[in-house]
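Here is the structure we will look at.
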Amino acid sequence: MLKGRGAQFNPANPFLKQEITQTHFEGIDEDTSIENPEVQLFFETVKNPLSKNDSPDLKLGYSINPYQGCEHGCIYCYARNSHTYWGFSAGLDFESKIVVKQDIAEQLERRFLAQGWRSQAIMLSGNTDCYQPVERKLKLTRKILEVALKFRNPISIIT
């Protein structure tokens, strides 16, 4: 059992045609247990910082997520399956392979400056926790909030 992890393995990604598996053809004494993986950061540049939401269930029309994946690793998290979009699994990869949208605050400012932007509430971190451990170092959530304050644009935070 992996201590401190919600998931105990990496399930297959339904969007990938091929799957990597670990098999042992010999050596009955080999240790086949999964080691607790180190957290890896994958830096991504953002084309559009906001995701439009047309669902009648949610009142906020846009959301913004500085990270994909979450070090907290709550096993019940509804955001796990979204990690498969990035080519990772919804299991251990979700907790240990974090996609960082490094220029998200700058892109948000550009979006606010664009002609036609009307100030409206934006949901921050609707897909993964914006205050996970990596935020302490990168401060992307803080930068997003500073941009929103500068433009007096309302933000709703989910953690």
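Count the sequence shown with the working numbering and you get residues 7 to 165, in order.
For each residue, glycine too, the CB sits at the ideal point set by N, CA and C.
- According to the DSSP assignment, Ser-162 belongs to no alpha helix (DSSP H) but to the beta strand (DSSP E) extending over 161-163.
- In the displayed model, Glu-44 falls within coil according to three-state DSSP, outside both helix and strand.
- Remark: C-beta atoms of Ser-102 and Val-45 approach each other more closely than 9 Å.
- Closest by C-alpha distance to Lys-156, out of Ser-125, Gln-138, Asn-133, is Ser-125.
- DSSP places Leu-66 in no alpha helix (DSSP H); its state is neither H nor E.
- The straight-line gap separating the alpha-carbon atoms of Phe-49 and Ile-81 is approximately 24 Å.
- The alpha-carbon of Val-153 is positioned some 7 Å away from that of Ala-111.
- Looking from the CA of Asp-99, the closest CA among Pro-160, Thr-165, Ser-88, Lys-107 belongs to Ser-88.
- In the three-state DSSP reduction, Leu-56 falls in the coil class, being neither helix nor strand.
- Within the segment 116-159, the complete beta strand (DSSP E) segments at least 3 residues long are 128-130, listed from N- to C-terminus.
- Counting every other CB atom within 10 Å of its CB across the protein chains shown gives Thr-51 a total below 16, marking it as exposed.
- Distance check between Pro-43 and each of Gly-79, Pro-20, Pro-55, Asn-133 places Gly-79 closest, using alpha-carbon atoms only.
- In the structure shown, Glu-112 adopts helical secondary structure according to DSSP, grouped into three states.
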